[in-house]
Amino acid sequence: MPRKALYLAISLLAFTGCASMDSKEPSPDSGAPGQPEATAAVEQTTDQATDREFRPEELYLLLTGEIAAQRGRYDVTLANYVEAARQSGDTGVIRRALLIAESLNSPGAVRTLTETWIEVAPRSEEARRAAAIQALRDGDLIGTLEHLEQILQMGGDADFDGLASMAPRLPADQQRELRRLFDQLQKRHPDNAEIRYSTALLQNLTGAPEQALETLRPLMETDDNEFQPALVLQGELLYELGQRREALRHLQTSSRRYPENRQLGTLYARILVSENEMRAAQDEFSRLVEQFPNEHGLRLSRALVAIENDELDLAHQDLKHLINLGQQTGQAHYYLGQIAEKRGNTDQAITWYEQVTEGSHYHPALSRAAELRAEAGDLDSALDQLRDVRELNPEDAVSLWLVEVNLLQGLDLDQQALASATEALESHPDDQSLLYARSMTYEQLGRIEQALGDLRTMIELEPDNPTALNALGYVMTVHTERLQEARGYIEQALAMDPDNPAILDSMGWVLFRQGDKEGALGYLRRAYEIYPDPEIAAHYGEVLWSLDQRAQARVIWERAEDEDPDHELLQETLQRLGVDDL
Numbered sequence: 014m015p016r017k018a019l020y021l022a023i024s025l026l027a028f029t030g031c032a033s034m035d036s037k038e039p040s041p042d043s044g045a046p047g048q049p050e051a052t053a054a055v056e057q058t059t060d061q062a063t064d065r066e067f068r069p070e071e072l073y074l075l076l077t078g079e080i081a082a083q084r085g086r087y088d089v090t091l092a093n094y095v096e097a098a099r100q101s102g103d104t105g106v107i108r109r110a111l112l113i114a115e116s117l118n119s120p121g122a123v124r125t126l127t128e129t130w131i132e133v134a135p136r137s138e139e140a141r142r143a144a145a146i147q148a149l150r151d152g153d154l155i156g157t158l159e160h161l162e163q164i165l166q167m168g169g170d171a172d173f174d175g176l177a178s179m180a181p182r183l184p185a186d187q188q189r190e191l192r193r194l195f196d197q198l199q200k201r202h203p204d205n206a207e208i209r210y211s212t213a214l215l216q217n218l219t220g221a222p223e224q225a226l227e228t229l230r231p232l233m234e235t236d237d238n239e240f241q242p243a244l245v246l247q248g249e250l251l252y253e254l255g256q257r258r259e260a261l262r263h264l265q266t267s268s269r270r271y272p273e274n275r276q277l278g279t280l281y282a283r284i285l286v287s288e289n290e291m292r293a294a295q296d297e298f299s300r301l302v303e304q305f306p307n308e309h310g311l312r313l314s315r316a317l318v319a320i321e322n323d324e325l326d327l328a329h330q331d332l333k334h335l336i337n338l339g340q341q342t343g344q345a346h347y348y349l350g351q352i353a354e355k356r357g358n359t360d361q362a363i364t365w366y367e368q369v370t371e372g373s374h375y376h377p378a379l380s381r382a383a384e385l386r387a388e389a390g391d392l393d394s395a396l397d398q399l400r401d402v403r404e405l406n407p408e409d410a411v412s413l414w415l416v417e418v419n420l421l422q423g424l425d426l427d428q429q430a431l432a433s434a435t436e437a438l439e440s441h442p443d444d445q446s447l448l449y450a451r452s453m454t455y456e457q458l459g460r461i462e463q464a465l466g467d468l469r470t471m472i473e474l475e476p477d478n479p480t481a482l483n484a485l486g487y488v489m490t491v492h493t494e495r496l497q498e499a500r501g502y503i504e505q506a507l508a509m510d511p512d513n514p515a516i517l518d519s520m521g522w523v524l525f526r527q528g529d530k531e532g533a534l535g536y537l538r539r540a541y542e543i544y545p546d547p548e549i550a551a552h553y554g555e556v557l558w559s560l561d562q563r564a565q566a567r568v569i570w571e572r573a574e575d576e577d578p579d580h581e582l583l584q585e586t587l588q589r590l591g592v593d594d595l
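Under our numbering, the first residue of the sequence shown carries the number 14, and numbering increases by one thereafter.
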């Protein structure tokens, strides 16, 4: 469904609050602003003639404005058009003057022109929409909603949801004001589905999902509810608030009732994936692919789900189809490489991976191709390939060095990894990622002071780096007895990033090492709930074990072992504690 006019206009503003709208008026004695888009807009505008007969003074203003544009004096053009619009009240002139004012980034002129337009055509939807946009730029939320409400009363599309969607970009005080105004608007129009939906959307976007769901409830309880955006939002809210089964039932029913609504079907399929109902998800994506054959993202999604379901022929077919169309080619080649791996065809997998030449899957594909070469016993070839690519792409050198270092670390070739990281740092001495990679390599080699040294260098370069602070505290916790100092670094990191599971894990572990088992348990529980990876599970389980909550510890460890049976820290923990019967 196409975006509506107001939402388009506001989006183009890159709206970040009232202050960002302010700009200096063109000086009366300045020359051209030097903006190609402004030039094009003015020339396009002044080239358009009007059929209306103008009074001589109006015609003089327009003609001299056009001459000024030809000479690059767009400030004069704008001033003349604004005055001609004011004198004539001609809506065609007003529109053209607005386009010039927008192109020259002159909010004062835009404001004057919208006011003029409202005066001469108070029932014009176009005029009200332009006035609403300018009021929003000015931070006048009351004025914005007044103009939109006038459009509604004229029977037009007021686009309240477009305004609600802008709320996250507003300062907190304006968000609160907008919610208050929408609440009043809803009370004036209690039976208007779009206003109720827009109010709920605004509430959800400003951190009140429970209230949003309650606002939608009257629509949910209506059997003939046909306002489909509300059905989508209802599904999102139900799932976000933990009512997962109800969300799935609602989305299944709604997507069958409105099979042409791609957003409903896509949301349903994605939630099925989140719930690991992969067979049902594949069926839904198949329905969507049939319904919308030219939506290439849906075909890619079906291919990925099919890979999870081991339906490799279907996935291969979809991915080749995308490549033949020239769509999503980077991802398609990458996942064809994964399919080839699943089929045991390493050479074919490398070939697919090497055809990924850009995009978010470029580095993972390059890395995986190198790993496969190395695992096949051809490490030198893998490293030569990475170095050739690095020489051809010097702007991407750091990322490519990291691929090499990670490859060597993954092969337990820590001395070579250290040499590569050190060589990389010779040409990129202040790069945080390379310093971090080398510090972790030093740790693997047992060179703890050097590891701590690189982490301290990172903090000297970037004192507010929570990753470096946490790593420094964690390495110190694990390998030294300087626990209070370590805790200080971790506390700094936690203050900057309080919901980061790695930092929560570090905080729990340093407390445990200091003897505060109960305090450690709270942090580790939170870390595990956010991200239940095997390392966090090892720590969480050990604290539970030490508190005689051994049955729960076993459950945590068993889940982690199912996920990664060879995880080094997990296995070391189990062996040290004498746990061998999970």
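All residues carry an ideal CB built from backbone N, CA and C; glycine is no exception. Bear in mind the structure is a predicted one, so any value in this text is a computation, not a measurement.
Option in the options with minimal Cα separation from residue i
{"i": "arginine 257", "options": "Val286, Ala177, Asp512", "result": "Val286"}
{"i": "glycine 255", "options": "Ala282, Pro272, Pro222", "result": "Pro222"}
{"i": "glutamate 115", "options": "Glu473, Ile208, Val95", "result": "Val95"}
{"i": "asparagine 118", "options": "Arg209, Asp103, Asp88, Ala144", "result": "Asp88"}
{"i": "glutamine 463", "options": "Arg567, Trp558, Leu448", "result": "Leu448"}
{"i": "glutamate 273", "options": "Glu297, Leu431, Arg262, Val491", "result": "Glu297"}
{"i": "glutamine 340", "options": "Val523, Gln276, Leu507, His309", "result": "His309"}
{"i": "leucine 507", "options": "Arg400, Asn478, Asp103", "result": "Asn478"}
{"i": "arginine 386", "options": "Val411, Glu417, Glu404", "result": "Glu417"}
{"i": "alanine 98", "options": "Met489, Gln584, Pro231, Ile113", "result": "Ile113"}
{"i": "leucine 214", "options": "Arg189, Gln241, Ser178", "result": "Ser178"}
Between the CA atoms of residue j and residue i - distance to the nearest angstrom
{"i": "glutamine 497", "j": "isoleucine 461", "result": "17 Å"}
{"i": "leucine 396", "j": "histidine 580", "result": "26 Å"}
{"i": "leucine 264", "j": "alanine 345", "result": "29 Å"}
{"i": "isoleucine 569", "j": "glutamate 475", "result": "36 Å"}
{"i": "proline 69", "j": "proline 120", "result": "28 Å"}
{"i": "serine 446", "j": "proline 203", "result": "55 Å"}
{"i": "valine 369", "j": "threonine 342", "result": "8 Å"}
{"i": "leucine 226", "j": "leucine 251", "result": "8 Å"}
{"i": "alanine 362", "j": "isoleucine 352", "result": "8 Å"}
{"i": "glutamate 159", "j": "serine 380", "result": "56 Å"}
{"i": "glutamate 494", "j": "glycine 591", "result": "25 Å"}
{"i": "proline 135", "j": "arginine 141", "result": "8 Å"}
{"i": "asparagine 322", "j": "glutamine 295", "result": "8 Å"}
{"i": "glycine 372", "j": "alanine 316", "result": "19 Å"}
{"i": "asparagine 358", "j": "isoleucine 320", "result": "16 Å"}
{"i": "glycine 486", "j": "aspartate 529", "result": "17 Å"}
{"i": "glutamate 128", "j": "glycine 78", "result": "21 Å"}
Backbone secondary structure at residue i - three-state DSSP
{"i": "aspartate 577", "result": "coil"}
{"i": "glutamate 408", "result": "helix"}
{"i": "proline 306", "result": "coil"}
{"i": "glutamate 475", "result": "coil"}
{"i": "asparagine 289", "result": "coil"}
{"i": "proline 135", "result": "coil"}
{"i": "serine 40", "result": "Residue placement at serine 40 is flagged as unreliable, the pLDDT there being 37, under the threshold of 50; a coordinate-derived value is accordingly withheld."}
{"i": "aspartate 546", "result": "coil"}
{"i": "valine 106", "result": "helix"}
{"i": "arginine 356", "result": "coil"}
{"i": "leucine 598", "result": "What the structure shows of the chain is the stretch from 14 to 595, and residue 598 is not part of that stretch, so it cannot be assessed."}
{"i": "glutamate 56", "result": "Low confidence applies here, because glutamate 56 scores a pLDDT of 45, under 50, leaving its location unreliable; read the following figure in that light. In the structure shown, glutamate 56 sits in a helix (DSSP, three-state: H, G or I)."}
{"i": "proline 442", "result": "coil"}
{"i": "phenylalanine 240", "result": "coil"}
{"i": "asparagine 118", "result": "coil"}
{"i": "threonine 370", "result": "coil"}
{"i": "phenylalanine 614", "result": "Nothing can be reported for residue 614, as the shown portion of the chain is limited to 14 through 595."}
{"i": "arginine 68", "result": "coil"}
Burial state of residue i (16 or more Cβ within 10 Å)
{"i": "asparagine 93", "result": "buried"}
{"i": "leucine 161", "result": "buried"}
{"i": "tyrosine 73", "result": "exposed"}
{"i": "isoleucine 284", "result": "buried"}
{"i": "isoleucine 155", "result": "exposed"}
{"i": "aspartate 331", "result": "buried"}
{"i": "leucine 413", "result": "buried"}
{"i": "aspartate 518", "result": "buried"}
Beta carbon of residue i nearer than 9 Å to that of residue j
{"i": "tyrosine 375", "j": "glycine 350", "result": "no"}
{"i": "alanine 383", "j": "leucine 420", "result": "yes"}
{"i": "tyrosine 553", "j": "glycine 532", "result": "no"}
{"i": "valine 245", "j": "leucine 218", "result": "no"}
{"i": "aspartate 151", "j": "arginine 124", "result": "yes"}
{"i": "alanine 540", "j": "leucine 582", "result": "no"}
{"i": "alanine 145", "j": "threonine 157", "result": "yes"}
{"i": "glutamate 571", "j": "leucine 595", "result": "yes"}
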